[in-house]
Amino acid sequence: MTNNRVIKGRRAFLLGLGTLAGIGSVTIAGRLRNSNYLTQALDDEHRDFSITGNATLSQRAAAKGLIYGGCAGYRVLSSDSEYANLFAKECAILVPEVEFKWRNLHPKPNVFDFEKSDWLAEFAQSHGMLLRGTALVWHNALPKWFTREVNKQNAEQILIDHITKVAGRYAGRIHSWDVINEVIHLPHKRSDGLRKSPWLNLLGPDYIDIAFHAAAKADPQALLVHNENRLEDVPNVEKRRTAVLKLLERMKSKGTPIHALGLQGHLFRLGTETNFEPKKLQAFIRNVASLGLKILITEMDVTDETLPTDITVRDRVVAKAYEDYLSVVLNEPATICVITWGLSDRYTWLSKNRPRKDGTPVRPLPLDTNLRPKLAWNAVARAFDKTYKR
Ligand code: XIL
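Residue numbers for the sequence shown follow the working numbering, beginning at 1 and rising by one.
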């Protein structure tokens, strides 16, 4: 009650400021960024997050011809059986959090280690879940030997060998592969927007086409994905979207076997700034779909790094971000899949990556640390319930 009264007071204060100076003005937004005032202006204590029925998220998604799932790691699924059981119920697709990355699979130049990735593939299969792989090419998570061993002469062969071995091993068992991950990086100031990653430096932009062709050859059944970050709520998002579209168009025109775009969906600002522009997001994914590509939301979570300590307010703002974002992307018929980067706040990369200054645990995912559904769970459920059947 006390909290609600405080919030109302603060909202009134901010709305007053908004009327005086224009709520979207750079000065006001700049000055108040990361403060509680703006957050609380976004908070709507009357917003309805109610749900009907007892169906799980995977069942609600499946009822609409969609797939819902999460990422999880070997350590978690093999040691926390309560979590593993719930994960298998809520999720229809599993994404190994790190186990399919270069550093984990390819510890030495000619040595592959499939122990944990095989365990996870078996976990998915034995629980009737789909399996998704990330990533065949990424500038991060490269093994230590990479810079020492790889040069312009051998890079293409090493890339093709890795993809052939890894995608080949799981051929027929993978729903989709992130063939390339996070390849757009505008600060590198190339006209095509490509990141100056080790792969680009070694092979030029063709590394992308080489990777897709190798993946298609090794696993002709998997959906081949360009997975990309920061396509949601960053300030220069339209420029990033244009660069992605150009790359996708280039690949399509060259006959590169790409089937889908993955939007990571790590929402860093949606809960804390008023810059979400649904119409522009919708137009972007429409443009992607018009190239004949599917759309996957591959790593969704909503950071609560700068939100107030009050859990009621925090959970409401996070839930709002989930539902607002998913309502837009699920309105596009080409969207086939929603994956959250984890399922419960018990295990989330944001604990380390975006810890809160007040020291309280982060709450970016659908379930709390006790595996109880939060409003974010309801928000995801509502987005599935509201969308049409594919
Ligand atoms: C993250 C994992 O969650 C962490 O455990 C790991 O330490 C680093 O990678 N974008 C991606 C994911 O494409 O692979 C990243 O996963 C999160 C950001």
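Heads up, the beta-carbon is just placed ideally off N, CA and C, and yes, glycines get one too.
All values derive from a computational prediction rather than experimental measurement.
Can we count residue i as close to the ligand XIL, meaning its CB is less than 7 Å from some heavy atom?
i	result
Asn-181	yes
Thr-134	yes
Trp-199	no
Val-225	no
Val-237	no
Leu-104	In the sequence on display, residue 104 carries Asn and not Leu. No, since every heavy atom of the ligand XIL falls outside the 7 Å radius drawn around the Cβ of Asn-104.
Glu-323	no
Glu-299	yes
Trp-177	no
Glu-97	yes
Trp-145	no
Trp-407	A question about residue 407 goes unanswered here, because the residues of the chain that appear run from 1 up to 390.
Gln-221	no
Gln-153	no
Trp-349	yes
Lys-331	Reading off the sequence, residue 331 comes out as Asn, not Lys. Checking every heavy atom of the ligand XIL against the Cβ of Asn-331, none is found closer than 7 Å.
Asn-110	no
Gln-125	no
Gln-264	yes
Trp-341	yes
Asn-229	yes
Are the beta-carbon atoms of residue i and residue j separated by less than 8 Å?
i	j	result
Thr-303	Leu-267	yes
Trp-138	Asn-201	no
Glu-97	Ser-117	no
Ala-141	Lys-101	yes
Ile-447	Val-225	It is not possible to answer for residue 447, since the shown part of the chain is limited to 1 through 390.
Ala-215	Ile-163	yes
Gly-262	Asn-287	no
Thr-348	Val-338	no
Leu-343	Glu-90	yes
Gln-264	Glu-305	no
His-213	Pro-257	yes
Phe-411	Lys-189	Because the chain in this structure spans residues 1 to 390, residue 411 falls outside the shown range and cannot be described.
Pro-198	Glu-149	no
Leu-223	Ala-260	yes
Leu-330	Thr-387	yes
Val-95	Gly-53	no
Ala-319	Asn-229	no
Alpha carbon to alpha carbon, how far is residue j from residue i? Give it in angstroms, no decimals.
i	j	result
Ile-210	Arg-269	35 Å
Asp-324	Phe-276	9 Å
Ser-25	Arg-346	Residue placement at Ser-25 is poorly supported in this model, since its pLDDT is 35, which falls under 50; the coordinates still yield a value, given next. In a straight line, the C-alpha of Ser-25 is about 38 Å away from that of Arg-346.
Ile-93	Leu-130	4 Å
Leu-194	Val-237	15 Å
Val-380	Gln-153	48 Å
Gly-204	Lys-246	16 Å
Ser-176	Asp-43	36 Å
Asp-48	Thr-147	52 Å
Asp-206	Phe-114	28 Å
Ile-51	Arg-382	6 Å
Phe-13	Asp-233	Caution is warranted here: a pLDDT of 35 is assigned to Phe-13, below 50, making its placement in the model unreliable, and the coordinate value is therefore given only provisionally. So the alpha carbons of these two residues sit roughly 25 Å apart.
Trp-145	Asn-151	12 Å
Asn-370	Asp-219	39 Å
Ser-351	Leu-365	11 Å
Gln-221	Gly-168	11 Å
Ser-126	Val-317	37 Å
Thr-340	Glu-332	18 Å
Asp-310	Lys-279	31 Å
Lys-252	Asp-358	48 Å
Cys-71	Glu-45	31 Å
Ala-155	Asn-104	19 Å
Ala-171	Lys-239	36 Å
Pro-107	Val-328	41 Å
Asp-315	Ala-376	7 Å
Ala-29	Pro-187	The pLDDT assigned to Ala-29 is 43, lower than 50, so where the model puts this residue is not dependable; a value taken from the coordinates is nonetheless given after this. When rounded, the distance between both Cα atoms is 24 Å.
Val-244	Ala-334	17 Å
Ala-283	Ala-289	10 Å
His-185	Tyr-83	36 Å
Ala-135	Ala-124	18 Å
Less than 8 Å between the CB atoms is what I'm expecting for residue i and residue j, so what's the real figure, rounded?
i	j	result
Leu-293	Leu-248	7 Å
Ile-67	Ile-336	6 Å
Trp-119	Ser-81	Not really, about 14 Å apart at Cβ, beyond 8 Å.
Gly-133	Asp-178	7 Å
Arg-75	Ala-121	No, Arg-75 and Ala-121 are not in contact; Cβ-Cβ is about 16 Å, not under 8 Å.
Leu-57	Phe-384	7 Å
Lys-389	Gly-65	6 Å
Hey, would you say the C-beta of residue i is under 7 Å away from at least one heavy atom of the ligand HEM?
i	result
Asp-48	The ligand HEM is not among the ligands present in this structure, which contains only the ligand XIL.
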